[in-house]
Amino acid sequence: MTRALERLTAGMPILHGGDKITHVPEDMAARFAAGDRLLVVQDTGDLLHIPHAAHAIATAAVGRAVKAFSAMAAIGDEQISDFFGRFAARLEDDVAWAKVARANAQDVAEARAKGRSTTRLAVSEVMRREMIAGLRQWRDAPAGRGRVIERVEHEGWAVEQVTAPLGVVGFVFEGRPNVFADAAGVIRGGNTVVFRIGGDALGTARAIEAQALAPALAAAGLPVGAASLVESADRAAGWAMFADGRLSLAVARGSGAAVTQLGAVAHQAGTPVSLHGTGGAWLIADTSADADRFAAAVSGSLDRKVCNTLNVCCIVQDRAEELVPLFLDALQRAGEARGHGARLHVVEGDEAWLPDGWESRRIRARRADGDHDEPAISILSEADLAREWEWEDTPEVSLKIVADLDEAVALFNQYSPQFIASLIARDPGAHARLDAGANAAFVGDGFTRWVDGQYALDRPELGLSNWQFGRLFARGGVLAGDGVFTVRTRMTQTDPRLRR
């Protein structure tokens, strides 16, 4: 007989992975109440406590999206286009945007008071314009349903492969308000979406929903729940949402550890996942590198900290004497542009390539909790090349001097999240070796910040996938709204006497 779990006791053994045991922590046992849920991540043994309230909020939001998906079958593509146009117009309205900006200012102030990062949280006019432009791109995009991608003719009958909506997309993302509009792109293909945004940005998300999203849905005649916000700051609501087997796709973006955990929860529920977590780009200067092009690529890749920001720079030894000073100058200028210096992390043994005096320099570094006096240089192990530097206004980059391009590619494959590899080289053969050897989802020959769906492909992205946990099946690293679909097979019979 199955009974509901009503309480936990400290030290209670919990089986996971078939042959391992973890134990309930004392604080979790004290918090757990009747009606709550305990989710066990089988791969890691993580115990996730989901309070009843968080579960109810997430389940209700998914339920609204499921109901809305059924109703979307009767919604015309012109109505979907109208929704995107109205959503953009509401964001363009100064009165509506002022309310969003006020909510965001409060979110930013509260996050700063907690010593949390606000680099992705604060809205701006640039962000506003990009959101509006992205929504209008979806407004003008071709209809996503019923596209014939293949037709096979037979005598007396034919078969077509036709795109169809996938279903309900669950989307958990970090405190970055513009992603709210990006994720709505799945509606272009007749899907519905349920969001959960990080608690730091929940006030901003509520304002966007109230001032722009909900009015646009209603005015265009789309069903309630076509895009639904999970109204909870509790991260447990995200776990509950991803554990809901009614999702057709689970998308997560944010910090690497949190995204990995969310992906494991969705996998256990049998839901396909698209994870967009660990970032950080690598830039390699080869023997045939153009010095000016290299310096420009460094500078252009450090304007702000996002997933496609330069994180590791490799310079071949036979060009190090010339290129290291150019690299340091570009790094310094990137820091000065933000008013807070720059941090350099050098792999042990490579500090010998730094100009005299660099080891003793100090800077004013801006962190989430304020300014700090810090050394400009730190020495790290080779294994630390795997670390993604998170910074506010003080750019941070790791430097490694390599014997040749092959060593740089080997280090990339071993330590990077296998995300972005950029090579500065005049030699076409070097680029061919990078393409063949680097296990990177994105490769280029210049600045790294080009890796962005809206910037590169004119399609607002739901996220960018690295290859840290394997290559992706049948799709590229940019997940956009028009990439969320399934394929149905449709037969038309012209010969009524046809038999097998």
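With numbering that gives the first Met the number 0, the residue at position 273 of the sequence shown is 272, and numbering never jumps. Built from N, CA and C at the ideal position, the CB exists for glycine as well.
If you scan the segment 145 to 228 from start to end, which runs of the alpha helix (DSSP H) of 4 or more residues do you find wholly inside it?
-> 177 to 182, 201 to 207 and 213 to 219, all fully within the segment 145 to 228.
Look at the Cβ atom of I49, then the Cβ atom of R36, and state whether they are nearer than 8 Å.
-> Going by C-beta atoms, I49 is nearer than 8 Å to R36.
Contact belief for G133 with A104 at Cβ below 8 Å, rounded distance in angstroms = Between A104 and G133 the Cβ distance is about 23 Å, and since that is not below 8 Å, they are no contact.
C-beta atoms of T203 and V305 nearer than 8 Å | Taking 8 Å as the Cβ cut-off, T203 and V305 do not qualify as a contacting pair.
Rounded to whole angstroms, what's the CA-CA distance from E159 to G184? Just pull it up for me.
-> In a straight line, the C-alpha of E159 is about 26 Å away from that of G184.
Would you call Q260 buried or exposed, if buried means 16 or more other Cβ atoms sit within 10 Å of its Cβ?
-> Buried, since its Cβ has 16 or more Cβ neighbours within 10 Å.
In three-state DSSP terms, what is S80?
-> Helix, per DSSP.
Mind reading off the beta-carbon distance from A110 to D42? Whole number of angstroms is fine, and I expect it under 8 Å.
-> Not quite, the Cβ-Cβ distance comes to about 31 Å (not below 8 Å), so this is no contact.
Sub-8 Å separation of A500 and S415 beta-carbons | Coverage of the chain is limited to positions 0 through 499, which leaves residue 500 absent and any answer about it impossible.
Using DSSP with H/G/I as helix, E/B as strand and the rest coil, what is D372?
-> Note: D372 maps to strand in three-state DSSP.
Are three or more beta carbon pairs between the segment 273 to 293 and the segment 304 to 322 nearer than 8 Å?
-> Yes, since at least three Cβ pairs between the segment 273 to 293 and the segment 304 to 322 fall closer than 8 Å, the two stretches touch.
Could you check if E391 is buried or exposed, using at least 16 other CB atoms within 10 Å of its CB as the buried criterion?
-> Taking all protein chains shown into account, E391 has 16 or more neighbouring C-beta atoms within 10 Å of its C-beta and is therefore buried.
Does the beta-carbon of S397 have 16 or more other beta-carbons within 10 angstroms, so that it is buried, or is it exposed?
-> Under the 10 Å beta carbon count, S397 is surrounded by 16 or more other beta carbons and is classified as buried.
Going along the chain, which residues of its own chain have a beta-carbon closer than 6 Å to the beta-carbon of R487, five neighbours each way excluded?
-> Excluding residues within five positions, the ones whose Cβ falls inside 6 Å are V161 and A163.
Could you tell me whether the segment 356 to 364 touches the segment 263 to 275, where touching means 3 or more Cβ pairs closer than 8 Å?
-> In this structure the segment 356 to 364 does not touch the segment 263 to 275; the number of beta carbon pairs closer than 8 Å is below three.
Under 8 Å, do G340 and A382 count as touching if we go by C-beta distance?
-> The Cβ atoms of G340 and A382 do not sit closer than 8 Å to each other.
Can you check the segment 332 to 383 for any beta strand (DSSP E) of at least 3 residues that lies completely inside it and give the ranges in chain order?
-> Runs found: 342 to 346, 361 to 366, 369 to 374 and 376 to 379.
Straight-line gap, I13 to L46 (C-alpha atoms, nearest Å) | Cα-Cα distance, rounded: 9 Å.
Which of helix, strand or coil does DSSP assign to P427?
-> For P427, the three-state secondary structure derived from DSSP is helix.
Would you kindly check if the distance between the Cβ of F172 and the Cβ of V192 is under 8 Å?
-> No. Outside cutoff.
Could you tell me the boundaries of the alpha helix (DSSP H) in which V39 lies?
-> Per DSSP, V39 belongs to no alpha helix (DSSP H); it is in the beta strand (DSSP E), R36 to V39.
So A70 and P214 are in contact, right, with Cβ under 8 Å, and what is the actual spacing, rounded?
-> Incorrect: roughly 18 Å between the Cβ atoms, too far for contact.
Counting pairs of beta carbons, one from the segment 466 to 477 and one from the segment 148 to 156, are three or more of them closer than 8 Å?
-> Segments in contact, no.
Does the segment 434 to 453 come close enough to the segment 315 to 334 to have 3 or more Cβ pairs within less than 8 Å?
-> In the pairwise beta carbon analysis, the segment 434 to 453 is classified as not touching the segment 315 to 334: fewer than three pairs are separated by under 8 Å.
G480 to D76, Cα distance in whole Å?
-> Distance between the alpha carbons of G480 and D76: 15 Å.
What is the DSSP secondary structure of T58, counted as helix, strand or coil?
-> In the structure shown, T58 sits in a helix (DSSP, three-state: H, G or I).
Simplified DSSP state of K113, which is helix, strand or coil = In this structure, K113 counts as coil in the three-state DSSP scheme.
Quick one: give me the first and last residue of the alpha helix (DSSP H) that S298 is part of.
-> Counting along the chain, the unbroken alpha helix (DSSP H) around S298 starts and ends at A290 to G299.
Would P427 pass as a contact of A333 if the rule is Cβ separation under 8 Å?
-> With a cutoff of 8 Å on beta-carbon distance, P427 and A333 are scored as not near each other.
Buried or exposed (CB count within 10 angstroms, at least 16 for buried), P354 = Classification for P354: exposed.
Close beta carbons around I131, own chain, < 6 Å, minus the five adjacent residues each side = For I131, where only same-chain residues beyond five positions count, the Cβ hits under 6 Å are A87, L90 and E91.
Under 8 Å between C-beta atoms of G44 and V23 = G44 is not a Cβ neighbour of V23, given a cutoff of 8 Å.
Beta-ladder partner(s) of L282, from DSSP | In DSSP, L282 forms a bridge with C312 and S421.
Pairwise C-alpha distance: A206 and G174 | Cα-Cα distance, rounded: 14 Å.
Hey, would you say F83 sits closer than 8 Å to R127, going by beta carbons?
-> No, the Cβ-Cβ distance between F83 and R127 is not below 8 Å.
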